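The structure appears below as structure tokens.
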Amino acid sequence: MDKTYHLAIDLGATSGRSILATFDGEKVEMDELTRFHYPMLPVSGHLFWNLPLIYQEVLKALKVAASRVQEAGATLSTIGIDTWGCDVAYFYADGSLAGLPYCYRDTHTEGAVDAYTANVPRREVYARTGIQFMDFNTLFQLDTLRRNGAKVIDNADLILWMPDAVAYMLTGNAVTEYTVASTSQMLNPATGDLDEVLLESIGLPRSKFGPMVQPGVTIGTLTPQIQEASGLGAVPVIAVAGHDTASAVIGVPTPDPNYAYLSCGTWSLLGIESPEAIINDKSFGYNFTNEGGIDGTTRFLKNICGLWIFERVRAELGLQDADISQLAASCNDSTCDTLINPDDPAFANPKSMVEAIKVYCAAHGLATPESTADYVRVIYRSLAHRVAEMLGTLRELHPGAIDRLHVIGGGSRNSHLMKMIAAETGIPVVAGPAECTALGNVLVQLRGCGRAESLARMRDIAVNSTETITYKP
Numbered sequence: 020m021d022k023t024y025h026l027a028i029d030l031g032a033t034s035g036r037s038i039l040a041t042f043d044g045e046k047v048e049m050d051e052l053t054r055f056h057y058p059m060l061p062v063s064g065h066l067f068w069n070l071p072l073i074y075q076e077v078l079k080a081l082k083v084a085a086s087r088v089q090e091a092g093a094t095l096s097t098i099g100i101d102t103w104g105c106d107v108a109y110f111y112a113d114g115s116l117a118g119l120p121y122c123y124r125d126t127h128t129e130g131a132v133d134a135y136t137a138n139v140p141r142r143e144v145y146a147r148t149g150i151q152f153m154d155f156n157t158l159f160q161l162d163t164l165r166r167n168g169a170k171v172i173d174n175a176d177l178i179l180w181m182p183d184a185v186a187y188m189l190t191g192n193a194v195t196e197y198t199v200a201s202t203s204q205m206l207n208p209a210t211g212d213l214d215e216v217l218l219e220s221i222g223l224p225r226s227k228f229g230p231m232v233q234p235g236v237t238i239g240t241l242t243p244q245i246q247e248a249s250g251l252g253a254v255p256v257i258a259v260a261g262h263d264t265a266s267a268v269i270g271v272p273t274p275d276p277n278y279a280y281l282s283c284g285t286w287s288l289l290g291i292e293s294p295e296a297i298i299n300d301k302s303f304g305y306n307f308t309n310e311g312g313i314d315g316t317t318r319f320l321k322n323i324c325g326l327w328i329f330e331r332v333r334a335e336l337g338l339q340d341a342d343i344s345q346l347a348a349s350c351n352d353s354t355c356d357t358l359i360n361p362d363d364p365a366f367a368n369p370k371s372m373v374e375a376i377k378v379y380c381a382a383h384g385l386a387t388p389e390s391t392a393d394y395v396r397v398i399y400r401s402l403a404h405r406v407a408e409m410l411g412t413l414r415e416l417h418p419g420a421i422d423r424l425h426v427i428g429g430g431s432r433n434s435h436l437m438k439m440i441a442a443e444t445g446i447p448v449v450a451g452p453a454e455c456t457a458l459g460n461v462l463v464q465l466r467g468c469g470r471a472e473s474l475a476r477m478r479d480i481a482v483n484s485t486e487t488i489t490y491k492p
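In this text, residue positions in the sequence shown follow the numbering used here: the first is 20, and each later residue adds one.
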């Protein structure tokens, strides 16, 4: 069988990458083409995403991909785009930007859940969506803009989640992809569409958003302008699982369903795949979420802090260029047994993460980290402890067997953190692949062009295409 070539654009909350994948009928091989950063853009007291910069980097990736496949004497079969959830972009009917996307870390949504639920009860919102309450969920972002008198939500003709926004700029076709829309707390899993009652509560018509599509659908082909700019032909852009965690879960190399997953990056997301949404008093009380997956599955999960605290402390201590593995190993030189709650609001986006940890420790009567090794040990142990704590809650809410924890994403490379998680959870930790999101992105592209018909087949390809390391407790 001839090889086919597929381009995965994977945009995370701090950086993006483009990966050229080849598929030989049994396994996927991936080659990173470009990697780029897009810091939050401070303007007029708010934090935005520099969407033109992100788009420019995507165009660069298309050009590099065009060169690579031409060198191989081949053509690019498909393109897929995944991003983080919740944030949206605004467009006029002519396709031009109506405003920059607000960043979910902007402080304007502090207290947004309480402000919204003063008018619409929490239980009603959860019953309609099954989504955990977080101030930056799209519903609360849009309600905040409405309350603050922002003109952009009324002036814009289209409101698109980030992967759909990039696809719109490439193809001219507007869609709402199911998995990323499910992060918004606006999608009703019972109807499979945006909830009309919630839309009415923030004064927005359904027509402001693209039609709902499922993973594997072709959004459109590159516009003639983009074909000329990139050197590619009329390549189809596939609606992959647009939310990066949804793509990552599709790429989990698992032979059976008796597992939980931890997508470990800037954020950590701990959950299971469920055949249906789990919406009840207990899941409401624990603030667990039901996000869309492929083939009608639900990603029943909890957002918990990932490596965000570590990344911030590393930057403050001037260790951005330090070798991660050596930094991780330094925790063996510390005996500081302090445990912090990584999900405490104090660590959401403080001016100084080091100072936030010091203040937290003082307020809770804990020993304050002093050395770099202390900070690394405290952060890693606290993350592992939090994972174990939430895994216990997950078992309480879901009666199925959880025999192992699959850790995917960049954090899976950190052997010291993986050992700590195995010790805290008491079950085997299967680490890898680090680029699981890109793999899941490609697997859905394969479905879109008829080369991976079922989820079981996609998982077989994932197993064939990856290597993992198992850490026993």
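Cβ atoms here follow ideal geometry from the backbone N, Cα and C, with glycine treated the same way.
Being a predicted model, the structure only gives us computed values, none of them experimental.
- Counting only unbroken stretches of 4 or more residues, the alpha helix (DSSP H) elements lying wholly within the region 353-411 are 372-382, in sequence order.
- Close CB contacts of N322 within its chain, under the 8 angstroms cut and outside five residues either way in sequence, are with Q151, M153, W286, S287, L288, T308 (chain order).
- Distance check between V463 and each of T412, A442, V144, H262 places H262 closest, using alpha-carbon atoms only.
- P447 places its beta carbon less than 8 angstroms from that of R423.
- Beta-bridge analysis with DSSP links Y490 to V448.
- Between the region 219-238 and the region 325-339 there are fewer than three C-beta pairs closer than 8 angstroms, too few to call the two in contact.
- The alpha-carbon separation between H65 and D125 amounts to approximately 6 angstroms.
- L223 and A200 have their C-alpha atoms some 15 angstroms from each other.
- Per the Cβ contact rule, the region 265-273 is in contact with the region 449-467 (3 or more Cβ pairs under 8 angstroms).
- Taking the C-beta atoms as reference points, L413 is found nearer than 8 angstroms to I291.
- Taking a 10 Å sphere around the C-beta of V47, we find 16 or more other C-beta atoms and assign the residue as buried.
- Proximity to D183 across Q75, V194, L217, D176 peaks at V194, based on C-alpha coordinates.
- Apart from the 5 residues on each side of it in sequence, S249 sits with its Cβ closer than 6 angstroms to the Cβ of L81, K82, A85 in its chain, given in chain order.
- Of all C-beta pairs linking the region 208-222 to the region 241-255, fewer than three are shorter than 8 angstroms, placing the two stretches out of contact.
- Here the region 67-80 makes contact with the region 26-36; the two share three or more CB pairs at distances below 8 angstroms.
- Scanning its chain for C-beta atoms nearer than 7 angstroms, with the 5 sequence neighbours on each side dropped, one finds around S371 the residues E335, in chain order.
- Residue burial is scored here from C-beta neighbours: S302 has at least 16 other C-beta atoms within 10 angstroms and is therefore classed as buried.
- In the DSSP assignment, K321 is bridged to L289.
- Within the region 195-235, complete alpha helix (DSSP H) segments of at least 4 residues are found at 197-200, 215-220, given in chain order.
- V406 and T444 do touch by the CB rule: their CB atoms are close to 6 angstroms apart, below 8 angstroms.
- Apart from the 5 residues on each side of it in sequence, G284 sits with its Cβ closer than 7 angstroms to the Cβ of G31, G325, L326, G428, G429, G430 in its chain, given in chain order.
- Closest in C-alpha terms to V332, from the list A260, N368, N306, comes N368.
- No Cβ-Cβ contact shorter than 8 angstroms links I328 with A146.
- D50 places its beta carbon 8 angstroms or farther from that of L60.
- Pairing Y399 with T489, the inter-Cα distance amounts to about 18 angstroms.
- By the Cβ rule, the region 236-245 does not count as touching the region 370-385, because fewer than three pairs are nearer than 8 angstroms.
- Counting the other Cβ atoms within 10 Å of the Cβ of V62 gives fewer than 16, which makes it exposed.
- Two segments are said to touch when three or more pairs of C-beta atoms, one from each, lie closer than 8 angstroms; by this definition the region 134-148 touches the region 214-222.
- Contact annotation: A117 and Y109 have beta-carbon atoms nearer than 8 angstroms.
- Per DSSP, reduced to three states, the secondary structure at E48 is strand.
- Under the 10 Å beta carbon count, S353 is surrounded by 16 or more other beta carbons and is classified as buried.
- In chain order, T148, I150, N156, L158 place their CB closer than 6 angstroms to the CB of Q204, counting only its own chain and leaving out the 5 sequence neighbours on each side.
- Within the same chain, S96, T97 come within 6 angstroms of C468 by CB-CB distance, once the 5 residues on both sides are set aside.
- In chain order, C380, L385, A386, P388, V397 place their CB closer than 7 angstroms to the CB of T357, counting only its own chain and leaving out the 5 sequence neighbours on each side.
- In this structure, G35 is the residue among L416, G35, T94 with its C-alpha nearest to the C-alpha of T102.
- Apart from sequence neighbours up to five positions away, the residues of its chain that approach A450 with a beta-carbon distance below 7 angstroms are V426, S431, M437, T487, I488, Y490, ordered along the chain.
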